[in-house]
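Novice:
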Amino acid sequence: MPTVTIDDLLRRVSKPSRYTGGEWNSVTKDWAAAAVRIALAYPDAYDIGMSNMGLGILYDILNRYEDVACERVFAPWDDMEAEMRREGVPLWSLETRHPLREFDIVGFTFQYEMTYTNVLNMLDLAGIPVLARERGEDDPIVIAGGSGAFNPEPMALFIDAFVLGEGEDAVVELADLVRAWKREGTPREQRLRDLLRMPGVYVPRFYEARYDDAGHFAALEPLVPEAPAVIRRRIVEQLPPPLVKPIVPFLQTVHDRAAVEIQRGCTQGCRFCQAGMIYRPTRERSPAEVVQAAADLMANTGYDELSLLSLSTTDHSEIVPMVQALTERFPNLKVSLPSTRVDTFSVDVANAIAKGKKHTLTLAPEAGSQRLRNAINKLVSDADLLGAAENAFQRGWTGIKMYFMVGLPTETMEDVAGIVELGKQVKAIGKKYVGGRARVRVSTSNLVPKPHTPFQWARQDTAEELEPKHFLLKDGCRAAGVEFSWNDPRDSFIEAVLSRGDRRVSEAVYEAWRRGAKFDAWSEHFSFETWQEAFAAAGVDPAWFAHREWDTREPLPWDHIDCGVTKAYLRGQWQAVHSTKTVGDCHHGACNVCGMQNFDALRGEKGVADCVVKVGKLAELRRGARKYEGELLELV
1 MPTVTIDDLL
11 RRVSKPSRYT
21 GGEWNSVTKD
31 WAAAAVRIAL
41 AYPDAYDIGM
51 SNMGLGILYD
61 ILNRYEDVAC
71 ERVFAPWDDM
81 EAEMRREGVP
91 LWSLETRHPL
101 REFDIVGFTF
111 QYEMTYTNVL
121 NMLDLAGIPV
131 LARERGEDDP
141 IVIAGGSGAF
151 NPEPMALFID
161 AFVLGEGEDA
171 VVELADLVRA
181 WKREGTPREQ
191 RLRDLLRMPG
201 VYVPRFYEAR
211 YDDAGHFAAL
221 EPLVPEAPAV
231 IRRRIVEQLP
241 PPLVKPIVPF
251 LQTVHDRAAV
261 EIQRGCTQGC
271 RFCQAGMIYR
281 PTRERSPAEV
291 VQAAADLMAN
301 TGYDELSLLS
311 LSTTDHSEIV
321 PMVQALTERF
331 PNLKVSLPST
341 RVDTFSVDVA
351 NAIAKGKKHT
361 LTLAPEAGSQ
371 RLRNAINKLV
381 SDADLLGAAE
391 NAFQRGWTGI
401 KMYFMVGLPT
411 ETMEDVAGIV
421 ELGKQVKAIG
431 KKYVGGRARV
441 RVSTSNLVPK
451 PHTPFQWARQ
461 DTAEELEPKH
471 FLLKDGCRAA
481 GVEFSWNDPR
491 DSFIEAVLSR
501 GDRRVSEAVY
511 EAWRRGAKFD
521 AWSEHFSFET
531 WQEAFAAAGV
541 DPAWFAHREW
551 DTREPLPWDH
561 IDCGVTKAYL
571 RGQWQAVHST
581 KTVGDCHHGA
591 CNVCGMQNFD
601 ALRGEKGVAD
611 CVVKVGKLAE
621 LRRGARKYEG
631 ELLELV
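Just so we're aligned: 300 in the UniProt record's numbering is position 300 of the sequence shown, and the numbers increase by one with no gaps anywhere.
Structure representation (C-alpha cells):
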C-alpha cells in the first residue's frame with residue numbers, strides 16, 4: 001500500500017486541479033451505496049478531455065440513476081505519472097478517488113487515434129492488465145466507444161468490448177447488465193458473452209482474424225455461434241434533452257465556454273469526412289429547445305459565451321430564427337459558430353451573433369481549385385469563398401483563417417498553388433476594407449484516409465511527396481503576406497496506420513507503448529523513431545496500410561462494422577473522385593441512396609424514421625428559412 005496520500009502528490013505537480021475533482025456541477029455519490037460503478041476515461045490530459053461533450057452527456061445520463069456512481073478519469077501528465085509510479089499510487093477517479101481497478105466498467109472515449117498509447121498507459125497505471133486476455137474475475141470490463149471504435153482492430157488486444165455508434169441508450173443498458181451480473185454473481189466469461197447479445201457491441205475475443213497466403217487480411221471470423229458476423233451501429237432516433245448542467249472546470253480548458261448541440265449528423269457528403277458518414281441521419285433541435293438550453297446553461301454555469309455545436313452549424317434548417325431568438329433573449333451573450341459553410345449566408349449568421357470586436361472568422365474550403373473541390377465533393381466555389389471574405393471584412397472582421405487539405409487524391413501542384421492564390425486574393429480583400437489590420441492564415445492538414453468514407457481506399461502521400469507541396473505553400477504564403485501552418489507528415493502517417501490497421505497493428509501499439517510512447521498527439525512527446533522500432537518489432541509494414549491505394553474489392557479490417565452507409569455507396573463515391581462528379585446535399589433535394597434510408601434502428605422493431613421522409617421535411621424547412629434572410633440582415 002502507498003505510504004503517501006493523493007494530496008501529497010498534488011503538492012508536487014503542475015496544475016494540480018487536473019486531479020482534484022470537486023468542480024461545480026460534478027457529482028459525488030456514496031461509494032458503498034452504489035450498485036453500479038462506472039468510470040468514464042478520456043485518454044488525454046484533463047484540459048482536453050473536459051472539452052469533450054460526449055463524455056459530459058454520458059456522465060449526466062448515468063448519474064441520474066440513484067444507484068449508479070459514474071466518475072471521471074484522465075491521462076495524468078508526465079510529472080504526476082512519475083510521482084504515482086515512484087510512490088506506487090494507482091490511477092484514481094476524480095469524484096471519490098477510488099482506484100480505477102475497483103470500478104465495474106472502465107469506458108474509454110476514442111476520438112483520436114494518436115491517444116491510443118495513453119489508453120495502455122492508463123490501464124497500466126491503474127493496475128489493470130493491459131492485455132484483455134490477461135484480465136481476471138476481479139478486473140473491470142474495459143469498454144471503448146467513439147469515432148475511433150469504427151475500426152476497432154488496432155486496439156482489439158486491449159479492449160474487452162466496443163460500443164459502436166451513439167451511446168446515450170447503450171450506457172443505460174450497460175448499467176442494467178452490471179446490476180444483473182453483480183446480483184447473480186456472473187463470471188467474467190459469461191459477462192463478455194452477455195455483451196455479444198447487446199445491439200451495437202463488438203467483443204474482439206470471440207472473433208479471429210484470418211490472413212491469406214501472402215499475409216494480408218482476409219476475414220474476421222466469429223468463434224462462437226452468438227457472435228454476430230456484422231455489428232450495426234446504434235442510433236438514437238431523436239436527440240435526448242441537451243446537457244444543461246455541465247461540469248465547470250477549475251482551470252481553463254480547450255473549449256472554455258458553454259455549448260449546446262443544435263444538430264447531429266451532416267449530409268454534405270464530403271468524401272474525406274468520417275463524421276459526415278458515421279453520424280447520419282441528421283437530427284435537429286428546435287430553436288425553442290436551444291434557447292431554453294441556453295438559459296439553463298447560463299444559470300447553471302455562469303458562462304457568458306455559448307457555442308452552437310454541429311458538424312455544419314449554418315446547415316440547420318432554422319438557424320436564422322434560432323439566432324434571432326438567442327439575440328433577443330440574451331442581448332449580452334456571446335454566441336460562436338464552430339463550423340459554418342463557406343458562403344455569404346453563413347457570414348451573415350456569424351455577424352448577427354458577433355458581440356464586441358470581430359476578430360477571426362474560420363472557413364474551410366479544403367482544396368485550392370474547383371476541380372479538386374469537386375473531386376472531394378466539397379460543394380464550394382471560388383466565388384463562395386471570396387464572397388464570404390468580402391462580406392466578413394466589409395462588416396468589420398479583421399482576420400480570416402482558412403483550412404485546407406494536402407495530399408488529396410488526384411491533387412496536382414497546380415491545385416496546391418491554388419491555395420496560395422486564394423490566400424492572396426482574400427488578403428487583398430482584407431486590405432481593401434481594414435487595411436493593415438487584415439490577417440489571413442492558411443492552415444493545412446495532410447490527408448488521413450478514414451474507414452467508412454469513400455477515401456478509405458485512398459493512398460496517403462509519403463513525406464517525400466508532401467515536402468515540395470509544403471515548400472510551395474510556405475514560400476507562396478510568405479510572399480503574399482499570408483500566415484501558414486501545417487501538420488507534420490510523420491504524425492499523419494502514424495494516424496493513417498492506426499486508422500486503417502488490422503489486428504496485427506495492436507501488436508505495434510503495444511510495442512510502441514512498451515518503448516515509452518504516450519501523448520503522441522503532443523509534439524513534445526511524439527517520437528517517430530519509437531513507432532518505427534515498434535512496427536519493426538511487431539513485424540508490421542506500416543506503408544502497406546498508409547501508402548498504397550487499396551483495391552475496392554479487397555476485404556477491409558472493419559468490414560464487420562456496419563455504420564449505415566453501404567460499402568456500395570462508398571465505392572461509387574470513390575469512383576466519382578476521378579470523374580469529379582459531385583452529389584448534392586440530400587437535405588436540399590433527392591435522396592442519394594447512401595443506405596441510411598433502409599437502416600433499421602437497433603433498439604427495436606421501428607426503423608430510423610424513414611430517412612427519405614425526414615430529408616423531404618428538412619429540405620422544405622431549409623427553403624422556408626431563406627425568407628428570414630431579410631430579417632437577419634436587419635440584425636446585422
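Just so you know, even glycine gets a beta-carbon here, dropped at the ideal spot from N, CA and C.
Remember, it's a predicted structure, so these values are computed and weren't measured experimentally.
(1) For the beta strand (DSSP E) holding C70, just list the boundary residues, first then last.
(2) Tell me which same chain residues have a C-beta within less than 7 Å of the C-beta of R197, skipping the five on either side of it?
(3) Please report the straight-line C-alpha distance between A33 and A41, rounded to a whole angstrom.
(4) Applying the 10 Å Cβ sphere with the 16-neighbour rule, what's the burial state of T3?
(5) Would you check if there are 3 or more beta carbon pairs closer than 8 Å linking the region 541-550 to the region 456-463?
(6) CB-CB under 6 Å to G127, same chain, minus the five flanking residues each way: which ones, in chain order?
(7) Taking the C-alpha atoms as reference points, what is the distance between V615 and R283?
(8) Would a C-beta distance cut-off of 7 Å place P241 and P287 closer than the cut-off?
(9) Assign G396 to buried or exposed, taking buried as 16 or more other Cβ atoms, counted over all protein chains shown, within 10 Å of its Cβ.
(10) Less than 7 Å separating the beta-carbons of M402 and E366?
(11) Give the range of the alpha helix (DSSP H) segment to which N592 is assigned.
(12) In whole angstroms, what separates the C-alpha of F345 from that of A388?
(13) Does Q263 come out as helix, strand or coil in the three-state DSSP assignment?
(14) Quick check: the region 467-475 against the region 515-525, are at least 3 beta-carbon pairs closer than 8 Å?
(15) For A41, list the residues DSSP reports as bridge partners.
(16) Cβ atoms of I429 and E390: under 7 Å apart, would you say?
(17) Would you give the residue range spanned by the beta strand (DSSP E) that I143 belongs to?
(18) So the candidates are W77, T96, D8; which of them puts its Cα closest to the Cα of I38?
(19) Cα-Cα, which of D169, G167, V172, P222 is closest to R193?
(20) Between P468, L123, R135, which lies nearest to E189 when the distance is taken from Cα to Cα?
(21) Run through DSSP, which three-state label would L164 get?
(22) Over the uninterrupted alpha helix (DSSP H) stretch that includes G54, give me the two end residues.
(23) Would you decide whether M50 is buried or exposed? Buried here means 16 or more other CB atoms lie within 10 Å of its CB.
(24) Does the Cβ-Cβ distance between E113 and L408 come in under 7 Å?
(25) Where are the beta strand (DSSP E) runs, 3 residues long or more, that stay fully inside the region 162-231, in chain order?
(26) Identify whether D562 lies in helix, strand or coil by the three-state DSSP scheme.
(27) DSSP on L361, reduced to helix/strand/coil?
(28) Quick check on R135: does DSSP put it in helix, strand or coil?
(29) Identify, in the order they occur along the chain, each residue of the same chain with its Cβ nearer than 7 Å to the Cβ of A209, setting aside the five sequence neighbours on each side.
(30) Under three-state DSSP, which class holds G516?
(31) In angstroms, rounded to a whole number, what distance separates the CA positions of V448 and L123?
(32) Leaving out five residues on either side along the sequence, give the residues of the same chain with a beta carbon under 7 Å from the beta carbon of A35.
(33) Would S369 and D415 qualify as a contact pair, given that the criterion is a beta-carbon distance under 7 Å?
(34) How about L308 and L337: are their beta carbons less than 7 Å apart?
(35) Please report how far the alpha carbon of V290 lies from the alpha carbon of H316, in whole angstroms.
(36) Measure the Cβ-Cβ separation of D384 and V342 and say whether it is below 7 Å.
Specialist: On the basis of the coordinates in this document:
(1) Here residue 70 corresponds to residue number 70 of the sequence shown, with the count starting at 1. If you look at C70, you'll find it in the beta strand (DSSP E) that goes 68-74.
(2) Numbered from 1 along the sequence shown, position 197 holds the residue referred to as residue 197. The residues are E226.
(3) Counted from its first residue, the sequence shown places residue 33 at position 33. Counted from its first residue, the sequence shown places residue 41 at position 41. Straight-line Cα distance between these residues: approximately 22 Å.
(4) On the sequence shown, residue 3 is found 3 positions in, with the first residue counted as 1. The residue is exposed, with fewer than 16 neighbouring Cβ atoms inside 10 Å.
(5) These segments touch.
(6) Numbered from its first residue, the sequence shown carries residue 127 at position 127. By the criterion of a C-beta distance shorter than 6 Å, G127 is surrounded in its chain by P90, R101, once the five residues flanking it on both sides are discounted.
(7) Numbered from its first residue, the sequence shown carries residue 615 at position 615. Numbered from its first residue, the sequence shown carries residue 283 at position 283. The pLDDT assigned to V615 is 44, lower than 50, so where the model puts this residue is not dependable, and the model offers no usable value.
(8) Position 241 of the sequence shown holds residue 241. Position 287 of the sequence shown holds residue 287. For the 7 Å CB-CB criterion, P241 and P287 do not form a contact.
(9) As a position in the sequence shown, residue 396 is number 396, starting the count at 1. That one is exposed.
(10) Working through the sequence shown from its first residue, we reach residue 402 at position 402. Working through the sequence shown from its first residue, we reach residue 366 at position 366. Their beta carbons are not under 7 Å apart, which means M402 does not touch E366 by this criterion.
(11) Counting from one through the sequence shown, the residue named residue 592 turns up at place 592. That residue, N592, is in no alpha helix (DSSP H); it is neither H nor E in DSSP.
(12) By 1-based counting over the sequence shown, the position of residue 345 is 345. By 1-based counting over the sequence shown, the position of residue 388 is 388. Per the coordinates, the alpha-carbon of F345 lies some 8 Å from the alpha-carbon of A388.
(13) For the purposes of this step, residue 263 is identified with residue 263 of the sequence shown, where counting begins at 1. Three-state result, Q263: strand.
(14) No, the region 515-525 is not in contact with the region 467-475.
(15) Translated into the one-based positions of the sequence shown, residue 41 becomes position 41. The partner list for A41 (beta bridge, DSSP) reads V73, F108.
(16) The count along the sequence shown starts at 1 and reaches residue 390 at position 390. The count along the sequence shown starts at 1 and reaches residue 429 at position 429. Yes, Cβ-Cβ distance for E390 and I429 is below 7 Å.
(17) Mapped onto the sequence shown, residue 143 falls at position 143. For I143, the enclosing beta strand (DSSP E) covers residues 141-145.
(18) Along the sequence shown, read from residue 1 onward, the residue named residue 38 stands at position 38. Of the listed residues, the one whose Cα sits closest to I38 is T96.
(19) For this step, residue 193 is matched to residue 193 along the sequence shown. Nearest C-alpha to R193: P222.
(20) By 1-based counting over the sequence shown, the position of residue 189 is 189. It is R135 whose Cα lies nearest to the Cα of E189.
(21) Counting from one through the sequence shown, the residue named residue 164 turns up at place 164. L164 sits in coil when the DSSP states are folded into three classes, being neither helix nor strand.
(22) Against the sequence shown, residue 54 aligns to sequence position 54. Unbroken alpha helix (DSSP H) run through G54: 53-63.
(23) The sequence position of residue 50 within the sequence shown is 50, counting from 1. Buried, since its Cβ has 16 or more Cβ neighbours within 10 Å.
(24) Locating residue 113 in the sequence shown gives position 113, counting from the first residue. Locating residue 408 in the sequence shown gives position 408, counting from the first residue. No, these two residues do not count as a Cβ contact at 7 Å.
(25) Counting only unbroken stretches of 3 or more residues, the beta strand (DSSP E) elements lying wholly within the region 162-231 are 207-211, 217-222, in sequence order.
(26) Your numbering for residue 562 matches position 562 in the sequence shown. The three-state secondary structure of D562, taken from DSSP, is strand.
(27) Position 361 of the sequence shown, counted from the first residue, corresponds to residue 361. In the three-state reduction of the DSSP assignment, L361 falls in the strand class, which pools E and B.
(28) In the sequence shown, counting from the first residue as 1, residue 135 sits at position 135. DSSP places R135 outside both helix and strand once states are collapsed to three, so it counts as coil.
(29) For the purposes of this step, residue 209 is taken as residue 209 along the sequence shown, with counting starting at 1. Closer than 7 Å at Cβ, skipping near neighbours: F217, L220, D502, R503.
(30) For the purposes of this step, residue 516 is identified with residue 516 of the sequence shown, where counting begins at 1. Of the three classes helix, strand and coil, the one that applies to G516 here is coil, per DSSP.
(31) Start at 1 with the first residue of the sequence shown, and residue 448 comes out as number 448. Start at 1 with the first residue of the sequence shown, and residue 123 comes out as number 123. Each residue's Cα considered, the two are about 28 Å apart.
(32) The residue you call residue 35 lines up with position 35 of the sequence shown. Leaving aside the five residues that flank A35 on each side, the residues in its chain whose CB is nearer than 7 Å to its CB run, in chain order, D67, R179, K182.
(33) What you label residue 369 is simply residue 369 of the sequence shown in a count that begins at 1. What you label residue 415 is simply residue 415 of the sequence shown in a count that begins at 1. Taking C-beta atoms as the reference points, S369 and D415 count as a pair closer than 7 Å.
(34) Position 308 of the sequence shown, counted from the first residue, corresponds to residue 308. Position 337 of the sequence shown, counted from the first residue, corresponds to residue 337. Yes, these two residues count as a Cβ contact at 7 Å.
(35) One-based indexing of the sequence shown puts residue 290 at position 290. One-based indexing of the sequence shown puts residue 316 at position 316. When rounded, the distance between both Cα atoms is 12 Å.
(36) Residue numbering aside, residue 384 sits at position 384 when the sequence shown is read from its first letter. Residue numbering aside, residue 342 sits at position 342 when the sequence shown is read from its first letter. Taking 7 Å as the Cβ cut-off, D384 and V342 qualify as a contacting pair.
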